[in-house]
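12 is the number of the first residue of the sequence shown in my numbering; add one for each residue after it.
Notes follow the structure.
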Amino acid sequence: MERIVYKIALDVSKPESQKHLTGFSIGETRARRLIISLMNGRIPVQFDGTEIVSMYVTKPSDTSPSIGLCSLDGSNIIYDVLQSDVSEDGVIKFTIKVQHNDDGNISILYAAHFDIQVTDPECDDSHAPDDPNYSILEGLIAQVEEYEYDSEAYAVGTRGGVPVEPGDPTYHNSAKWWAENVELLVEEQVQEAESWAVGTRGGVPVEPDDPAYHNNAKFHKEQAAASAVLAAASESAASGSASDALRYKNAASQSATDASGYASAASGSANDALGYKNDASNSATLAEGYKNTASQKATDASGYATAANGSANDALGYKNDASGYATAASNSATAASGSATTASNEALVSEGYAKGTQNNIPVTEGPYFNNSSKHFRDECQNIVADLLSHYGVTVAGTQLVFGSTFSEHFTVSVVGTQLVIQNV
């Protein structure tokens with residue numbers, strides 16, 4: 012006679028009996044096998060082969076259960092129903108206990124419950140099917156029961172009236188949950204869009220730890236405008252520095268010209284002194300010739316020589332002064348050249364942060380790449396354009412056209428010279 016097989020799934024998280032099997036007769040000899048899989052909620056229970064699995068059987072007349080051993084086949088528990096298990100009619104209670112033996116300390120890991128209905132053979136067993144189709148039917152019935160649990164979970168978020176656990180695929184994913192939370196989720200999406208657009212959520216400024224803090228379209232637009240003002244000021248300052256440098260250069264050139272004049276004057280003075288010296292020498296020669304008769308004239312000639320020597324010393328002083336003026340003029344010219352170079356560099360820095368170019372050529376790397384006022388202004392325009400497009404706002408000529416999608420979430424009004432957009 013072919014064995015009849017029952018395949019059932021039991022949830023160890025439920026304390027009550029979960030299955031009721033029928034088709035058993037008192038004292039029958041037909042072999043019946045139970046193949047049982049355990050679930051912990053929606054998570055299958057796995058075994059490593061070290062567990063002890065026992066079946067506790069309690070008949071209506073028993074004061075204590077009888078205990079039989081089960082075998083493991085992967086994640087399935089195998090139990091063959093004994094004749095003693097169906098020795099009297101009525102509801103027979105079965106309890107599976109999965110235990111662990113830790114050096115003689117027995118602990119129960121899991122337990123699950125089901126029962127079978129045993130009837131008089133004249134009423135039931137003579138009509139019980141003998142072919143495998145019976146076990147297939149039992150398996151289908153068990154599968155239908157599982158589908159009923161799934162349907163309940165996806166509809167209202169419970170299984171057998173018990174709320175599903177966080178690991179269940181229907182947790183926060185049932186029809187009831189979406190119906191209760193859809194308005195809240197929509198509001199969250201609207202506030203999310205509002206935060207990226209103007210930096211507020213429900214009209215309240217976002218906190219510093221919010222990802223939209225100092226990172227929304229309105230903020231970047233204001234920063235770009237401020238950067239443009241600073242760039243204009245920097246450009247004006249650079250122009251002023253260039254003008255000052257040109258003025259210094261012209262002054263240095265004039266100083267050099269003046270120094271050249273002083274040098275020429277000193278050279279003339281030196282020539283005059285040389286002439287005086289020659290004249291004094293000639294006078295001394297004549298005085299020597301008339302020494303005996305012209306002593307007074309010799310004394311005068313000596314005075315002329317002393318005066319000539321003083322003139323020569325004065326001329327040397329004029330020459331040194333002229334050299335100092337020439338050095339000062341050269342230093343002024345060098346400083347003027349440095350100022351012009353600094354002004355040119357500052358103008359390039361201002362151009363880089365303002366427009367992202369150097370000498371009107373776009374940069375592809377360095378501190379100005381994607382970090383100029385023009386770049387942030389373009390980025391802000393793109394963000395605003397994407398946001399408006401997301402809510403169905405289009406541009407027709409010089410006018411903004413607000414579609415139905417925008418109108419579902421916002422109202423538009425004009426206050427003075429400002430366009431006011433508010434949440435619905």
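Each residue gets a CB set at the ideal place from its N, CA and C atoms; glycine is no exception.
Item                                                                                                                                                                                : Value
Name the two residues that bound the continuous beta strand (DSSP E) containing Thr33.                                                                                              : His31 to Ser36
Determine the contact status of Asn417 and Gly403, defining contact as a CB-CB distance below 8 angstroms.                                                                          : Note on residue identity: the sequence assigns Phe, not Asn, to residue 417. Contact: yes.
Out of Gly101, Ile119 and Ile107, state which residue places its alpha-carbon closest to the alpha-carbon of Asp131.                                                                : Gly101
Is Tyr90 helix, strand or coil by DSSP?                                                                                                                                             : strand
Check whether the Cβ atoms of Gly172 and Ile54 sit closer than 8 angstroms, and answer yes or no.                                                                                   : no
Between the segment 160 to 169 and the segment 69 to 83, are three or more C-beta pairs nearer than 8 angstroms?                                                                    : no
Which runs of the beta strand (DSSP E), 3 residues or longer, sit entirely within the segment 19 to 72?                                                                             : 31 to 36, 43 to 51 and 63 to 69
So Ser415 is in the alpha helix (DSSP H); what residue range does that whole segment cover?                                                                                         : Ser415 to His420
Using a Cβ-Cβ cutoff of less than 7 angstroms, which residues in the same chain neighbour Ser185 once the five nearest sequence positions on both sides are dropped?                : Ala164, Tyr165, Ala166, Val167 and Gly168
Whole angstroms are fine: how far does the CA of Val423 sit from the CA of Ser415?                                                                                                  : 12 angstroms
Excluding five sequence neighbours on each side, which residues of the same chain lie with their C-beta closer than 6 angstroms to the C-beta of Ser28?                             : His124, Phe125 and Asp126
The beta strand (DSSP E) that contains Phe125, what's its start and end?                                                                                                            : Asn116 to Thr130
Say whether the segment 214 to 228 touches the segment 368 to 381, bearing in mind that this needs 3 or more beta-carbon pairs closer than 8 angstroms, one atom from each stretch. : no
So, with DSSP's three-state summary, where would you put Asn370?                                                                                                                    : coil
Helix, strand or coil, according to DSSP, for Val175 in the structure here?                                                                                                         : coil
Are there three or more Cβ pairs, one per stretch, closer than 8 angstroms when the segment 76 to 86 is compared with the segment 12 to 26?                                         : no
List the DSSP bridge partners of Tyr17.                                                                                                                                             : Leu45
Nearest by alpha-carbon distance to Ile63: which of Thr33, Val109 and Gly34 is it?                                                                                                  : Val109
Considering His225, what are the terminal residues of the beta strand (DSSP E) in which it resides?                                                                                 : Where His225 is concerned, there is no enclosing beta strand (DSSP E), given that its DSSP letter is neither H nor E.
Keeping to the same chain, check which residues put their C-beta closer than 7 angstroms to that of Gln202; ignore five residues upstream and five downstream.                      : Arg212 and Gly213
According to the Cβ coordinates, are Val435 and His420 closer than 8 angstroms?                                                                                                     : yes
So Leu45 packs on Tyr121, CB below 8 angstroms; how close in whole Å?                                                                                                               : Wrong, their Cβ atoms sit about 16 angstroms apart, outside the cutoff.
Between the C-alpha atoms of Gln234 and Thr375, what's the straight-line distance to the nearest angstrom?                                                                          : 22 angstroms
How many Å lie between Val360 and Asn261 at the Cα?                                                                                                                                 : 26 angstroms
Would a C-beta distance cut-off of 8 angstroms place Ile117 and Ile88 closer than the cut-off?                                                                                      : no
Give the straight-line distance between the Cα atoms of Val155 and Arg43, rounded to the nearest whole angstrom.                                                                    : 22 angstroms
Under three-state DSSP, which class holds Ser82?                                                                                                                                    : strand
Buried or exposed: Gly60, going by 16 or more other Cβ atoms within 10 Å of its Cβ?                                                                                                 : exposed
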